[in-house]
Each structure stands twice: as structure tokens, then as C-alpha cells.
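Asker: Below is the structure I would like to discuss, written out as C-alpha cells.
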Amino acid sequence: MSATVLPGAPLDDLDLLTARSGWMAEQRWRHRRLGEELVDIGTASHGQSPRDALRISSESGWSSGLWEPAGYIIDPGTGQAVGWQVEHNGAWTVEISRRADRLGLVAYGPTDLQHAWLHRLAPGEEITTPWAALAFSEDGWQGAAAEMTRYRRALRSALAPTTEAAPVVYNDYMNTLMAQPTQERLATLVPAAAAAGAEVYCIDDGWHSDAQEWWDAVGRWEPSMRRFPDGLQATLDLIRAQGMTSGLWIEPLAVGVNSPVAEELPDEAFMRRGGERLVEQGRLRLDMRHPAAREALDAVVDRMVSYGIGYLKVDDNYSVGLGPDADADSPGDGLMEHSRQWAAWLARLPERHPGLIVENCASGGMSSDYALLAHARLQSTSDLQDPVRYPPIAANAPLALLPEQAGSWAYPQPEMTDEEITYTLVTSLAGSFYLSGHLDRMSPRQISLVRAATDLAKELRPALTQELPWWPDDVASWDQEWVVAARRAPAGREGLLLVWHRPRPGQDGPGSALNLPALAGMRLTRVMPPPDLVADEGISVEDGPHGPVLRATTTTPTARAYLVRDTTHRDEDVARSENR
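Letter by letter, the sequence shown follows residues 1 to 580 in full-length UniProt numbering.
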């Protein structure tokens, strides 16, 4: 896709909003002035446009491993803005360049320079490049983000079997079992997750291996009898008996070098380059261009679904470089076709197994793109294990994906204070609620606090698929003191406000005040944590001359969730808060 955008705008003053990404460091959105990235060389004097460009690009098969595949360009003078996204689960490049007095935006799939892509066309033959989308607004980058949200919902409405928000998921991996599930451990975790309000219990990695270390032996995906001496089915039955949908984790493309599957499938079923199988971190990688690879995965998932699961977490924890050159014109050519076949396989899952909820994950958020998310119900936003550092990821995620698809971890622990538990619970309220933690070791009062968050998530869920994300205090930088995110009704500012306060290192006292003029004339009613469970104010809210003024009342990290309502709803919201 090639376009001239924001014609007539003063190029030096344009605002670029893009996001670096990395493992456990996703969604790092930042504003940049175009004139600092692409300088004015005096085109009129030379008669030529500059030859440089601002390029952002993916690497290998992780579409969001280096950069989020979306961005925004804004004219601060007029408020006109354009948002873009590349809809490909493999290699892509975006170039922004000055063309005399115009701005050029080009969105590619893989390129020869960045991804060793070349594809020869026979006479009359055609090839379709990866899709890209543009969204325009007269209301700045926030308006363009709202338009992109509407577009993503329309895309899912056309392609996905359902656009409903996901249920509340408990996954036993993060900061909990860490890939070591057993029948004994789940015997107490499963009832605790149900008591905390989970609707799905997903057994994460490890269920398939007798060994503690199984990285280079995966590929069979059959239950471990050592971990589950009564059979995995007994534990899945326990999950269902507790009123939850059972789920399992899988990393479909991975086949360890020590797995029997490596010998059972033909060479053509694996990625190869230079005549040899590609090996990365002790693993081969299935090549989805070959029917044997697709048939093997179909058989695996069919067997897993036969256990009665209704939830499948699809992960991808390693990348393989440029791609396979076997049966392709170039490594990039092989990777692009593999990526398309992988996306098509994922799209067929809910068709082959109606009602199956599919979560997309790649070491967290390393493949957050709408080739995959047009079909998956949920996207993991990160593998980050630090609850204090997580909020910028959760707050910024709706710039790149739908709020109802963004699963940010809440991992409360029994050794945490009430404020620490609240902090991580508020993080998950930024999207679709996604829970972990040693809930079976928590006190009844702590479980009540977790249950208050899951109940609130369910209460807010019907509006989640209609509301638009917005940022009353701009996008969140990685280490800033205050992090703010919100969702609002399609018309107006009523909705949900999430606020996290993170004292700076060495900070003396509770820190600076947060002014929110964007919420002038609105009333904030605290809904998380409930006052009867956490009486401390944590963050005070005052009416300032230009809108609410928030101040932390503690020197430790704290977070709060508020309903944002017009002042005419004051009595109704006070009663609601008291009832909660």
C-alpha cells in the first residue's frame, strides 16, 4: 500500500506515534516530531525529494517482535490524523518519507532488503501482498485510534465466528506454576480459581511432559501420566465440575530435536534452508506449507478437543530467522507463504471446532497482528512478570489491538498487601480479564478482593465490545509516575478510568499531582477496590479548576478504577459504590 497522507500539512511539525516492542517490553508508544526524523533539505533548491526514509520493520515470523505493526501520523495544527496497520503475521516494513512538500506512507509485506524476499512471477501470474489498513480522523491521534478500533471490530465481525468478549480466564502459568502443573497442585488451584470468579481454567505448558525440562522434546502433545497419575481427564473433569470451561496450552509449530515427531514426519514438513532442517534453540519448526504439517496439527487439536476442552492457548516461543528456502524463490518467500498457511490454519480452528475459544500468544505479545487477531478471541499482551512495570503495556495495548482482545495478566499472591493485589487486578481490567496467582494460598478476604475484580469485569463486559479506548493523559511511557487509561461510550466521555501511581526511585513523599482536564465536568466514582475491602483512599480525587486532580496518598505503588459519569448520575453512582 502506498499513499500520500495529510496533504498540505507542514511536514516538520507532524507528530509520529509509533511503538517499539520486545519480549516483556511491548507497546512502548512514543511521540516523535517528523522534522527531527526526516529533515528538510531544501527540496526546491535541488529539484529532488530526499532519498532517506523513516523505516520500521519486523523480524522473521514475530510480527510485533521489534515494532507494533501499527502507527499514527498527526497534524497538530488541524487535528487531522491517519492511523495505519499491517495485517500480516510474518515480515513487514513501513516507510515514511518526504516527497517534496508531501508525506508518503508505504506499507509492505516482506522486502528483499529487510527480509530476503523475492518471488518470481510467470507470465500472467499474480501475487497478493499482505493487507494494510488506513483510518482517518479530524480529532487527532485519539480520533484515529477510535476509527481504527471501529475498523478492527468490523474486520472481526466479517471474519470471526463471534465478536463477544472473552470469559474471565485463569491460567496457572504466570508467577504461579511456571510450566510445572501436576494433578496435586491443580486439586487446590482449580477450586480456588472458581471461587475467585474464573470462567475458564487453562492448564498452561508442562501438562504434556513427564520431564521437568521438556523444551527440546515437545511435539507429541499427549498428557503426562507422571504429572497426572489419575489421567489428565480427571483434572479436566474437576475443572468442569467447578463450573468452568477447561483449557490447554499448546505450541503447535514447535517440534523438539529429541521428539519422536521429528523422525515421524517427512523433511518437507519442517522448515529447511540450504537442504538442512532449521534448528533454533533445540527445536525444529513445522512448515505449514506442507500438508503433512497441517494434518499432524489437525490430529493433535482434534485429540485435545476430544478431552472436552473449550479453550486453546496457542503459543509461539521462538523465531527462526529469514525463513525456509526449500520449494520457494527465497527464504522470505517461503516464510510469507508459511505465515499465510499458519493464519489460515488458525482461522479454521473455530470452524472445525465450533465454540472453541482460541487465545493467540507468542511469548506474550510478539505476534499481535490482525492476520491472526481477525480470528482469535484473545491476545496475550506480555510475558512480563513484574506487576509494577506492567501498566504501560496494558494501558497502551488498545492502540494496536481491540480492548476486548487484550489479555493483561493479573497475578495476585498471598504475600501481597491489599494495595499490591489491587494494583495487579486493575491492570487486567484494562482489557479482557486474565488471572493467575497462588489463589489457593490466599485468605478468604484476599479471595473476596480478587472476586470483586472478576465480578466487576463481568459487569463491564457487555460495554467492552462497544466502548472506545482513550487516554486522558496521553500514551504511557515506560517509566512514568502516573499511568492512565480509559474506555468511553461511542458518544461522550462516560465509561471506565484506570489509574496507576508508581513512585519514582528515591522519591520523598507520595509524589506529584495528576491533573486531568480532559475529564472536566465529569464525576469519578471508585469501583475498584471496593471500599468495604480496602478502606484506604490510595488515590484522592479533588475537583480542580480545570478538571479532576488526583494525588497518591501512599508512597507505595497503588492503582484505582473509577466509573466516569456525567455529574447528573451522582446519586446513582454513590448508591452503586456503596452496594459494591
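Every residue gets a Cβ at the ideal spot worked out from N, C-alpha and C, and that includes glycine.
If you compare alpha carbons, which of S246, L159, E280, W249 is closest to V257?
Answerer: E280
Asker: Around the C-beta of H546, are 16 or more other C-beta atoms found within 10 angstroms, so that it is buried, or is it exposed?
Answerer: The residue in question, H546, is exposed, as its Cβ has fewer than 16 Cβ neighbours within 10 Å.
Asker: Quick one: any contact between the segment 551-559 and the segment 526-541, if contact means 3 or more CB pairs under 8 Å?
Answerer: yes
Asker: Could you tell me if D205 is buried or exposed, where buried requires 16 or more neighbouring beta carbons within 10 angstroms of its beta carbon?
Answerer: buried
Asker: Report the partner residues of M528 according to the DSSP bridge assignment.
Answerer: A561
Asker: What did DSSP end up calling N360 once you bin it into helix, strand or coil?
Answerer: strand
Asker: Any idea which residues DSSP pairs Q233 with across the strands?
Answerer: For Q233, which the question treats as bridged, DSSP gives no partner whatsoever.
Asker: Restricting to Cα atoms, I'd like to know which of E481, V450, P161 is closest to T417.
Answerer: V450
Asker: Note down, one range per segment and in chain order, each alpha helix (DSSP H) of at least 4 residues found wholly within the segment 458-490.
Answerer: none
Asker: Taking A158 as the reference, give the member of Y370, E95, S448 with the closest Cα.
Answerer: Nearest neighbour of A158 by Cα position, chosen from Y370, E95, S448, turns out to be Y370.
Asker: Let's test the definition: count the other Cβ atoms within 10 Å of the Cβ of R352 and tell me whether it reaches 16, buried, or not, exposed.
Answerer: By the neighbour-count definition (other C-beta atoms within 10 Å, threshold 16), R352 is an exposed residue.
Asker: Can you give me the C-alpha to C-alpha distance between Y434 and R33, rounded to a whole angstrom?
Answerer: Between Y434 and R33, the C-alpha separation is close to 36 Å.
Asker: In whole angstroms, what separates the C-alpha of R153 from that of L402?
Answerer: 8 Å
Asker: Just the C-alpha distance for E138 and P10, rounded to the nearest angstrom, thanks.
Answerer: 16 Å
Asker: Taking only the alpha-carbon atoms, compute the straight-line gap between A145 and D15 and give it to the nearest angstrom.
Answerer: 14 Å
Asker: Rounded to whole angstroms, what is the Cα-Cα separation between D267 and L297?
Answerer: 16 Å
Asker: What three-state label does DSSP hand V214 in the structure shown?
Answerer: Checking the displayed sequence, the identity of residue 214 turns out to be Trp instead of Val. Note: W214 maps to coil in three-state DSSP.
Asker: If you draw a straight line from the C-alpha of T4 to the C-alpha of D329, how long is it?
Answerer: 32 Å
Asker: Please report the straight-line C-alpha distance between V190 and S319, rounded to a whole angstrom.
Answerer: Across the structure, V190 and S319 are spaced so that their CA atoms are roughly 33 Å apart.
Asker: Can you confirm whether the segment 29-45 touches the segment 342-349 when touching is taken to mean that 3 or more C-beta pairs between the two stretches lie within less than 8 Å?
Answerer: no
Asker: Between the Cα of W365 and the Cα atoms of H338, S339, A344, A406, which residue gives the shortest distance?
Answerer: Trp is not the amino acid found at residue 365; the sequence shown has Gly there. If we check each option's Cα against that of G365, A406 comes out closest.
Asker: Kindly say whether E222, judged by its beta-carbon, lies nearer than 8 Å to any beta-carbon of chain C.
Answerer: The structure shown contains no chain C, having only a single protein chain.
Asker: Can you tell which of S428, E359, A344, A343 has the C-alpha that lies nearest to the C-alpha of L384?
Answerer: Closest option to L384, Cα to Cα, is S428.
Asker: Going by beta-carbon coordinates alone, are A376 and A430 separated by less than 8 Å?
Answerer: no
Asker: Could you pull out every residue in the same chain whose Cβ sits closer than 7 Å to the Cβ of L356, ignoring the five residues on either side in sequence?
Answerer: V305, G310, L312, L349, P350
Asker: Note down the Cα distance separating Q379 from N360, rounded to an integer number of angstroms.
Answerer: 5 Å
Asker: Return the CA-CA distance between R226 and D440, expressed in angstroms with no decimal places.
Answerer: 22 Å
Asker: H501 bridges to which residues according to DSSP?
Answerer: W482, T558
Asker: Which residue from R445, L399, I393 puts its Cα closest to that of V426?
Answerer: I393
Asker: Compute the distance between the beta-carbons of residue 590 and E251, then report whether it is under 8 Å.
Answerer: Only positions 1 to 580 of the chain appear in the structure, and residue 590 is not among them; the question remains open.
Asker: When you compare only the Cα positions, how much space is there between V94 and P469?
Answerer: 24 Å
Asker: Could you give the first and the last residue of the continuous beta strand (DSSP E) run that contains H31?
Answerer: In the DSSP assignment, H31 falls within the beta strand (DSSP E) that extends over 28-33.
Asker: Please state if the CB of H115 and the CB of residue 596 are separated by a distance shorter than 8 Å.
Answerer: With the chain covering only 1 through 580, there is no way to say anything about residue 596.
Asker: In angstroms, rounded to a whole number, what distance separates the CA positions of R99 and D12?
Answerer: 13 Å
Asker: Find the nearest neighbour of N171 within the set S477, T558, W207, judged by alpha-carbon distance.
Answerer: The closest CA to that of N171, considering only S477, T558, W207, is found on W207.
Asker: Give me the Cα-Cα distance between Y332 and F228, rounded to the nearest whole angstrom.
Answerer: Inspection of the sequence shows that residue 332 is occupied by Gly rather than by Tyr. Rounded to whole angstroms, the separation of the alpha carbons of F228 and G332 is 42 Å.
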